[in-house]
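In mature numbering (1 follows the signal peptide of the UniProt record, and there is no 0), the protein residues as written are -27 to -1, 1 to 378.
Quick reminder that beta carbons are idealized off the backbone N, C-alpha and C, glycines included.
Given the structure is predicted, the values throughout are model-derived calculations rather than measurements.
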């Protein structure tokens, strides 16, 4: 999260929200006609342009149609579904939950017939600025990274889908990373938030034995063990590794399903680092670091989201300010090769996601207030713009859910 964006977002969070104590689901919303073959999607947004969480209908060609607003939680920019898509969890990046200085987490039951949401409960996120949430592979715990405070936490998920009291809360500390990213391209002014701890993501390895959290401000990737019976986190050995370069700003990562590698984007340096994952010890070992930008680009850009193709052969990375998506081929040894770079047709892409059928990629363009759709060539992974735009105020994330009878 770059400094100007951080400041703008959190100013918008504070303004007009000081009297809010609870964030209700919209009432009296008429259900839409959803057929058994329909796929739906939830889109999370930032205020003031976004109003909360929207439900979208997804046609067979991947085109999106805004259906209704299903939650008006302010700054509901981070969402995740549980393993069977029966519950949706929302992190609200308000700065004053219950009159304090933290954000909130809200649990909803999902109506798979019409996509509506029923609020179960809400809890304190145990830190300021919850910018990422994920579900442990066993489905029993919700994990949260709080960017502003630099804390992470785990919460038990009760049998009814509601959230319990926090099982673990960890606050990172240490010397801030370098103010200027050493590996950034010439002319870059991507200098932000190296002023203290800023947890940016938290997630598990596929087997659920280890937890990893990135800290952009301290230039660290933390390595944790988790007790799968109670959700308690403990430091692994070593407890963290340094970012691939000074001031890199580690942001988001994905585990490859088969090749034992982790791919991580560094926001400030706009680089992409490949780590070898030791399944026994949980240790990450750096293998390769390359630019997420096309050769020859000079100036400022901030890397943001990344997503793996369903066949595991391709990786797509979003570049903000450069406003592009870089397509990388994943080689047999896990290394990456840049294949192509394409314009997002939007401004300041926060995340990129792939449809359940693997045929479409979508870019959440925060500043241009739209979602753009690209087709994915099944033979080589190449992206082609479909000329489809979906208007949404400040989109941040999108999750898909298929209707079940």
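Per DSSP, residue 48 is not a residue of any beta strand (DSSP E), being assigned neither H nor E.
Within the same chain, Cβ atoms closer than 8 Å to the Cβ of residue 111 are found at 181 and 201, the five residues on either side in sequence being excluded. In the assembly as shown, residue 33 is an exposed residue. Its beta-carbon has fewer than 16 other beta-carbons within 10 Å. Around residue 340, the same chain offers 320 and 321 as residues with beta carbons nearer than 7 Å, after the five sequence neighbours per side are excluded. Around the beta-carbon of residue 143, 16 or more other beta-carbon atoms lie within 10 Å, marking it buried. Scanning its chain for C-beta atoms nearer than 6 Å, with the 5 sequence neighbours on each side dropped, one finds around residue 370 the residues 17, 52 and 324, in chain order. Linking residue 264 to residue 192 through their CA atoms gives a straight-line distance of about 17 Å. Taken through DSSP and simplified to helix, strand or coil, residue 319 comes out as coil. Residue 63 places its beta carbon less than 9 Å from that of residue 44. Boundaries of the beta strand (DSSP E) harbouring residue 30: 26 to 31, taken from the DSSP string. Straight-line spacing of the CA atoms in residue 355 and residue 300 works out to 7 Å.
Counting only runs that start and end inside the region 207 to 294, the beta strand (DSSP E) elements of at least 3 residues fall at 223 to 228, 234 to 239, 244 to 250, 257 to 264, 275 to 281 and 287 to 293. Note that the region 128 to 137 touches the region 68 to 86; at least 3 beta-carbon pairs, one per stretch, sit closer than 8 Å. Proximity to residue 209 across 119, 254 and 172 peaks at 254, based on C-alpha coordinates. Burial state of residue 159 is exposed, judged by a 10 Å Cβ sphere holding fewer than 16 other Cβ atoms.
Between residue 70 and residue 40, the CB-CB gap reaches or exceeds 9 Å. Between the region 205 to 219 and the region 237 to 246, the count of Cβ pairs shorter than 8 Å is three or higher; the stretches touch. Note: residue 335 is bridge-paired with 326 and 346 in the DSSP secondary-structure output. In the DSSP assignment, the residues bridged to residue 127 are 116 and 141. When secondary structure is reduced to three states using DSSP, residue 190 falls in the coil class, being assigned neither helix nor strand. Rounded to whole angstroms, the separation of the alpha carbons of residue 199 and residue 291 is 30 Å. In the three-state reduction of the DSSP assignment, residue 70 falls in the helix class, which pools H, G and I. Residue 134 sits in coil when the DSSP states are folded into three classes, being neither helix nor strand.
Straight-line spacing of the CA atoms in residue 91 and residue 343 works out to 27 Å. The continuous beta strand (DSSP E) containing residue 97 extends over residues 90 to 97. Collapsing the DSSP output to three states places residue 296 in coil. Residue 328 is positioned such that its CB atom lies closer than 9 Å to that of residue 35. A direct Cα-to-Cα measurement between residue 231 and residue 285 gives close to 8 Å. Separation of the CB atoms of residue 238 and residue 276 is rounded to 4 Å, and the pair is thereby assigned contact status at 8 Å. Secondary structure at residue 41: strand, using DSSP grouped into helix, strand and coil. Shortest Cα-Cα distance from residue 248 to any of 178, 207, 333 and 273 involves 178.
Residue 353 sits in coil when the DSSP states are folded into three classes, being neither helix nor strand. The distance from the Cβ of residue 173 to that of residue 188 is about 7 Å, consistent with a contact at the 8 Å cut-off. Here the C-alpha atom of residue 50 lies approximately 20 Å from the C-alpha atom of residue 294.
A straight-line Cα-Cα distance of about 23 Å links residue 21 and residue 122.
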